[in-house]
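Take a look at the structure below.
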Amino acid sequence: MAASESTPTREEEEEGEQLEEDRFVSPHHPSAPPDELFDISTTVDPSYVISLIRKLLPVEPKNVDNTEIRGSNCNNEVVNSSNDSCKSMDIVDDPTKSDFRGESDEDSHKEENAHLSAGEEVWEECGCVLWDLAANQTHAELMVQNFVLEVLLANLMVTQSVRVTEICLGIMGNLACHEVPLKHIVSSNGLIAVIVDQLFLDDTQCLCEAFRLLSSGLQGGECIKWAEALQFEHILSRILWVMENTLNPQLIEKSVGLLLSMLESQKEVEHILLSPLMKLGLASVLVNLLTFEMSKLTNDRIPERYPVLDVILRALEALCVIDVCSQEICSNKEIFQLVCDLIKFPDKVEVSTSCVTAGLLIANILSDVPDLASSILQDLPFLQGLFDIFPFTSDDSEARCALWNVIARFLVRVREDEMSASNLCQYVFILLSKSDVIEDDLFDHQFDEKKENESLATSGRKSDARTLALRRITSILNKWKALKDSCEKDMMEDYATNEKICRLLDICHGHTMSGASE
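Residue 1 is where the sequence shown starts when you use full-length UniProt numbering, and the numbers rise one by one after that.
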């Protein structure tokens, strides 16, 4: 390069900058040849990405100290952050407490030092930029083509910094969300084993990123290799231990999310991992987690815990339809009582997704263990809660069918002919108060029924359940009308209520007749 006419001060600055950069790039890694071209459509210069990867090359082992750098990830999910700098995020309510039960903070972060050397600052800054860039498919593919996985693996092998480990896992977690980079991760010799080894760290953010990365692997086309790496008892035991003992909501969500990825993956993955997990006490762990989250919901209502409750319920719902564990899940009365309590939760808007999942779970449980329905027979808040969930299921025909299934099982046990007028009045009050919900569901989705019958294997049974529920509603309302007519003065029923009863009867009659004609 030709010498410039800049002042000596500028030359000294440039020379100092070059020397600083050379400190962190090994001399046996020369720059890319000038004639190397990239046919890649991106707003980010490929040479810039490559320079970032080079700056992540690990320093010599003798320079790796025992410092653990506190911090949190730039991105928890595959999204680009609004800036290139990493922002710290609180991971526990009290920073003096550990994220694990029975541990002190000193055990998990001994001799931690927030001071960063110049090299460590450069490494972290470049790592965070790559973490963001890996969210983009084009950038991710460019990165794996230029040996980012080899560089990250080398760092994981030598680093003693949890911050470095977290960033390495975070970058790979974003890479794993793209098909081609995920294949590169699988084909990298020994990399999956090193990733699995990170599960034995005691750092919350490292564990979150490890679980996220493993979940992506289990959802990919080569999920069997990931399952085989996880199948050993000490590894599965560690997963369950973290799941049950962490106090951090994000880590609970990610660890249970890994379980959900196993259940939603290929059947062979389920065969490899599920039976050993059940033998190690998976059902008991999930019951304990659900109990804890329900107590938090009832007493504290912390929004950041709502996704945790949802993923636990989704895992239970997935487990209850799998042969090897359905009996253990469905026969568990504690699970049934907890999800019934959620149905009765008054502020459903806050946890609407969880309530929908709870409805599905209850329908599956009652299909396997019908006798449990007797425990909710007189529970009118439960019946009202079921109707309250319908507005949140407008795009989920299976969830609506499941709710009608549970309602039918509830109403079929009602003996209106043997009931006192005051008790019957309570049923009628709930049905009339939810008449708009019933009408909206039947009207808005009447054209979906044929589609449901074609696409759902159990839709015939579920459609019959809806019809049965409407017939039971009709019977209860007719009984009330007859009772009211015989003692009109005592009931003090106004004209508006009578009109509402007639309208609901017409709606139920019209739907049951159209269902019968089909």
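Virtual Cβ for every residue (Gly too), placed ideally from N, Cα, C.
Keep in mind it's a predicted model, so treat the numbers as computed, not measured.
Worksheet item: Shortest alpha-carbon distance to D341 belongs to which of C320, R305, S375 and L319?
Response: Cα-wise, what sits closest to D341 is S375.
Worksheet entry | Contacting residues, own chain, Cβ-Cβ under 7 Å from N498 (five flanking each side not counted) | Contacts found: none.
Discussion item. For D368, tell me which candidate among S215, I53 and C320 has the shortest Cα-Cα distance.
Written reply: Of the listed residues, the one whose Cα sits closest to D368 is C320.
Item to complete: Measure the alpha-carbon distance for E233 versus Y306 and round it to whole angstroms.
Response: Distance between the alpha carbons of E233 and Y306 is about 31 Å.
Discussion item. Judging by CA-CA distance, which residue of I171, L313, D506 and N288 is the nearest neighbour of E150?
Written reply: For the options I171, L313, D506 and N288, the alpha carbon positioned closest to that of E150 is the one of I171.
Worksheet item: When the Cα atoms are used, what is the spatial distance from S265 to L201?
Response: Roughly 26 Å between the two C-alpha positions.
Practice prompt. With a 10 Å radius around its C-beta and 16 neighbouring C-beta atoms as the bar for buried, classify H271 as buried or exposed.
Written response: Label assigned to H271: exposed.
Worksheet entry | Contacts around E334, its chain only, beta-carbon distance under 8 Å, and the 5 residues preceding and following it disregarded | Apart from the 5 residues on each side of it in sequence, E334 sits with its Cβ closer than 8 Å to the Cβ of V287 and T291 in its chain, given in chain order.
Practice prompt. Can you check the segment 345 to 414 for any alpha helix (DSSP H) of at least 4 residues that lies completely inside it and give the ranges in chain order?
Written response: Entirely contained in the segment 345 to 414, the alpha helix (DSSP H) runs reaching 4 residues are, in chain order, 352 to 368, 380 to 389 and 397 to 411.
Worksheet entry | Range of the contiguous alpha helix (DSSP H) that encloses C206 | It spans T204 to L218 - the alpha helix (DSSP H) in which C206 sits, taken as one unbroken run.
Worksheet entry | Span separating the alpha-carbon of I365 from that of V129 | Straight through space, the alpha carbons of V129 and I365 are spaced by roughly 47 Å.
Fill in: Nonlocal neighbours in the same chain, by C-beta distance under 6 Å from L432, ignoring five residues either side
Here the set comprises K500.
Worksheet item: Under 8 Å between the Cβ atoms of V269 and A227?
Response: Against a cut-off of 8 Å, the Cβ pair of A227 and V269 comes out as a contact.
Practice prompt. Specify the secondary structure class of T159 as computed by DSSP and reduced to three states.
Written response: In this structure, DSSP gives T159 a state outside helix and strand, which the three-state scheme calls coil.
Worksheet item: Would you call R413 buried or exposed, if buried means 16 or more other Cβ atoms sit within 10 Å of its Cβ?
Response: Within a 10 Å sphere around the beta-carbon of R413 sit fewer than 16 other beta-carbons, which makes this residue exposed.
Practice prompt. Classify D132 as buried or exposed, calling it buried when 16 or more other Cβ atoms lie within 10 Å of its own Cβ.
Written response: D132 counts as buried, since at least 16 other C-beta atoms from the protein chains shown sit within 10 angstroms of its C-beta.
Discussion item. Among N299, L316, R301 and L297, whose alpha-carbon lies nearest the alpha-carbon of V285?
Written reply: The option with the nearest alpha carbon to V285 is L316.
Practice prompt. Let me know if H509 comes out buried or exposed under the rule of 16 or more other beta-carbons within 10 Å of its beta-carbon.
Written response: Exposed: under 16 other Cβ atoms inside 10 Å.
Worksheet item: Excluding sequence positions up to five away, which residues of its chain have a Cβ less than 7 Å from the Cβ of V196?
Response: Hits under 7 Å: A229, L230 and I235.
Worksheet item: Out of I252, L277 and L251, which has the shortest C-alpha to C-alpha gap to L263?
Response: Taking only the C-alpha atoms, the option nearest L263 is L277.
Item to complete: Using the Cα positions of G257 and I438, report the straight-line distance between them to the nearest angstrom.
Response: Near 34 Å, if we compare the C-alpha coordinates of I438 and G257.
Worksheet item: Below 8 Å between beta carbons: does that hold for P249 and V308?
Response: The Cβ atoms of P249 and V308 lie closer than 8 Å to each other.
Discussion item. Once DSSP output is grouped into helix, strand and coil, what is the label at P58?
Written reply: DSSP places P58 outside both helix and strand once states are collapsed to three, so it counts as coil.
Practice prompt. Would you identify the three-state DSSP class for S331, choosing helix, strand or coil?
Written response: Reduced to three states, the DSSP call for S331 is coil.
Discussion item. At the level of alpha carbons, what is the spacing between T467 and L442?
Written reply: Distance between the alpha carbons of T467 and L442 is about 11 Å.
Fill in: Cβ shell of P181 (< 7 Å), same chain only, five flanking positions each side left out
Cβ neighbours of P181 beyond the five flanking positions: A140, E141, V144 and L175.
Worksheet item: Do you know whose CA, among D379, L259 and E328, lies nearest G217's CA?
Response: Comparing alpha-carbon positions, the option among D379, L259 and E328 lying closest to G217 turns out to be L259.
Worksheet item: Going straight from the alpha carbon of F390 to that of L297, what length do you get?
Response: One C-alpha to the other measures close to 21 Å.
Worksheet item: Could you give the residue range of the alpha helix (DSSP H) that holds A421?
Response: Residues A421 to S433.
Discussion item. With H, G and I counted as helix, E and B as strand and the rest as coil, what does DSSP make of N146?
Written reply: DSSP places N146 in coil when its eight states are reduced to three.
Worksheet item: Helix, strand or coil for H178 per DSSP?
Response: In the structure shown, H178 sits in coil (DSSP, three-state: anything other than H, G, I, E or B).
Fill in: CB contact flag (L213, W123, <8 Å)
Between L213 and W123, the CB-CB gap reaches or exceeds 8 Å.
Worksheet item: Ordered along the chain, which non-local residues of its own chain (more than five positions away) have a Cβ less than 7 Å from that of Q198?
Response: T165, L169, C206 and A210.
Worksheet item: Which residue's Cα is closest to the Cα of E328: A283, L360 and V311?
Response: In this structure, A283 is the residue among A283, L360 and V311 with its C-alpha nearest to the C-alpha of E328.
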